[in-house]
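One structure is given here, and the rest of the page talks about it.
Residue numbers (this note's numbering): 1 to 74.
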C-alpha cells in the first residue's frame, strides 16, 4: 500500500512539472519518512510549489501553504 501512495505522489508531482506551472500542491494525511534515521511523521504534509518541495512536516507546522494549496490525500 505504501508503494501505491508513493507512486500516486510521484505522478502528482510529475504532472505539475510537466505543466511547467507554479501551482502549489499539498500532499496530505500521509506518513512521511524524512530520512532513514529520523522518526516518521504521521499525518504529515508535503508541499510542492512548481517542481520544488517547499515544506515537509506536520500540518500545524505549515498552515500558510495549506491555505494556498490544492490538496491531494496520500
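Glycine is no exception: its CB is placed at the ideal position from the N, C-alpha and C atoms. This one's a predicted model, so the numbers in the text were calculated from it and none came from an experiment.
Going straight from the alpha carbon of residue 36 to that of residue 56, what length do you get?
15 Å
Determine the DSSP secondary structure at residue 68, reduced to helix, strand or coil.
helix
Would you kindly work out how many angstroms separate the C-alpha atoms of residue 48 and residue 23, rounded to a whole number?
8 Å
Residue nearest to residue 34 in terms of C-alpha spacing, selected from 25, 69, 58:
58
Opening and closing residue of the beta strand (DSSP E) in which residue 62 lies
No beta strand (DSSP E) holds residue 62; DSSP gives it neither H nor E.
CB contact flag (residue 73, residue 28, <7 Å)
Their beta carbons are under 7 Å apart, which means residue 73 touches residue 28 by this criterion.
Nearest-angstrom beta carbon gap, residue 32 and residue 40 [assumed within contact, 8 Å]
6 Å
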